[in-house]
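Its first residue numbered 744, the sequence shown is counted upward by one per residue in the working numbering.
We put the CB at the ideal spot given by N, CA and C, even for glycine.
Predicted, not measured: the structure shown is a model, and the values here were computed from it.
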Amino acid sequence: MTYRQDRILVQEHLAHEQEAPTLGSAEAEELRAAIRRELEAQDAVLVAHYYTDPLIQSLAEETGGCVADSLEMARFGNEHPASTLVVAGVRFMGETAKILNPEKRVLMPTLEATCSLDIGCPADEFAAFCDQHPERTVVVYANTSAAVKARAHWVVTSSCAEAIVDYLDSKGETILWAPDKHLGAYIQRSTQADMLLWDGSCIVHEEFKGQGVEDLRATMPGAVVLAHPESPAAVVEQADVVGSTSRLIEAVRTMDAEDFIVATDSGIFHKMHEMAPGKNLIEAPTAGQGATCRSCAHCPWMAMNGLDNVLRVLRKQDEEIHVDASTREKALIPLQRMLDFTADRQLKAAGNA
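Right under this line is the structure:
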């Protein structure tokens, strides 16, 4: 898939998707109370991504669920005794949860919530790309479909990708990387590994602007710049801390600075404010609130998760994730390989994914 084709496909998805409705406080509390009752009645637990609505994040934690990245969401579900997982996030996160928890029912507020990295890496085109380079070890980011994971040798997150690629490089292996070219290039620069990159990107992180960060920092010389490595190189090169969602949250909590310029999805601000209420958080500059801005620092698909459709799916149970047995078995191999690697080296496997 070319860059232009990728952008057109993403635009087509965005053209008909809608964010969850804005709720008044009374309506929100009524929905939260109803969701609590349904979770208990149906032996279900709510797991939410850092980028979802703060109302969903807080409800997940209040009801014994969790707020985390996709892999930790799936692992939490594996350890929790509930028979049903409600995954508030985007589709590949539900698929990852199902791969690691095949015996459990996995529901999502809407199966229409997807990811530009997933859209931009169709399984059939990716398989053909891999077939053209059979000598390379296939490493895919967690932000991919179950079918793409099934074609890989390794699955990685932003926290462990560098260590795994460095390990493979030390063994003399060459890498075929997908789908995020910015994260891939960041790892390529840090490890000097031989990497062939798929041309994909996240529509949120790609919009952060290096010049904008430089200009903003000039007005706030004491500010710390935090960037996820899915951001363009011009942004990452200016960052004081580069890392996964978990690492960026920890940086806000532990660093002495008062001002932070944050180059990742603004949904993370809820957890950052919770962990460090006195800190000042500023969105890194994007294309702005104009016609060229597709995300304005917040994933439009994450925004599709709302209290209303969390309650609806608990009652109707119609938005269920299914992964066929063959695909699941194949996808589990590279996922388990990552989990074993990180456990053996006591690395954190959490990431933006």
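Handout entry: Uninterrupted beta strand (DSSP E) stretches inside the stretch 861–910 (no shorter than 3 residues)
Key = 880–884 and 897–899
Exercise for the section: Within its chain, find whatever has a CB closer than 7 angstroms to the CB of A977; leave out the 5 residues flanking it on each side and keep chain order. Expected result: G953
Handout entry: Opposing strand residues paired with M938 [DSSP bridges]
Key = I918
Handout entry: Exposure of T1035, with buried meaning 16 or more beta-carbon neighbours within 10 Å
Key = With a pLDDT of only 49 at T1035, under 50, the local geometry of the prediction cannot be trusted, and the value read off the model is given with reservation. Classification of T1035: exposed, given that the 10 Å Cβ count is below 16.
Handout entry: Rounded C-alpha distance that separates R848 from V1066
Key = 11 angstroms
Handout entry: Whether G1049 touches D1002 by CB criterion (8 angstroms)
Key = no
Practice task
Note down, one range per segment and in chain order, each alpha helix (DSSP H) of at least 4 residues found wholly within the stretch 927–1004.
Solution key: 953–962, 976–979 and 988–997
Problem - Status (buried if at least 16 other CB within 10 Å, exposed otherwise) for E772 - result: exposed
Handout entry: Collapsed DSSP secondary structure at E1026 in the structure displayed
Key = strand
Exercise for the section: Pick helix, strand or coil for H1065, following the three-state DSSP scheme. Expected result: coil
Exercise for the section: Write down every uninterrupted run of the alpha helix (DSSP H) in the stretch 826–851 whose length is 4 residues or greater and which is fully enclosed by it, in chain order. Expected result: 834–843
Exercise for the section: Quick one: residues in its chain with C-beta nearer than 7 angstroms to the C-beta of P1077, no 5 flanking neighbours on either side, listed in chain order? Expected result: K892, A895, H896, W897 and V898
Practice task
My understanding is that F819 touches V790, with C-beta atoms under 8 angstroms, so please give their C-beta distance in whole angstroms.
Solution key: 6 angstroms
Practice task
Assign H1013 to buried or exposed, taking buried as 16 or more other Cβ atoms, counted over all protein chains shown, within 10 Å of its Cβ.
Solution key: buried
Practice task
Using 10 angstroms around the beta-carbon of G767, count the other beta-carbons present and answer buried if the total reaches 16, otherwise exposed.
Solution key: exposed
Exercise for the section: Identify, in the order they occur along the chain, each residue of the same chain with its Cβ nearer than 7 angstroms to the Cβ of L940, setting aside the five sequence neighbours on each side. Expected result: W920, K924, G927 and A928
Practice task
Pick helix, strand or coil for T1035, following the three-state DSSP scheme.
Solution key: Low confidence applies here, because T1035 scores a pLDDT of 49, under 50, leaving its location unreliable; read the following figure in that light. Coil, per DSSP.
Exercise for the section: Could you pull out every residue in the same chain whose Cβ sits closer than 8 angstroms to the Cβ of Q935, ignoring the five residues on either side in sequence? Expected result: D912
Problem - Of the residues T853, V883, T1070 and C903, the one placed nearest P845, counting alpha carbons only - result: T1070
Practice task
Give every residue of the same chain whose Cβ lies closer than 7 angstroms to the Cβ of T827, excluding the five residues on either side of it in the sequence, and list them in chain order.
Solution key: Q785, D786, A787, K847, R848 and L850
Handout entry: Assigned secondary structure, L766 (DSSP; H/G/I helix, E/B strand, else coil)
Key = coil
Problem - For P972 and P1028, the rounded distance between their alpha carbons - result: 16 angstroms
Problem - G915 classed as buried or exposed, judged by whether at least 16 other C-beta atoms fall within 10 angstroms - result: exposed
Practice task
Would you decide whether R1058 is buried or exposed? Buried here means 16 or more other CB atoms lie within 10 Å of its CB.
Solution key: exposed
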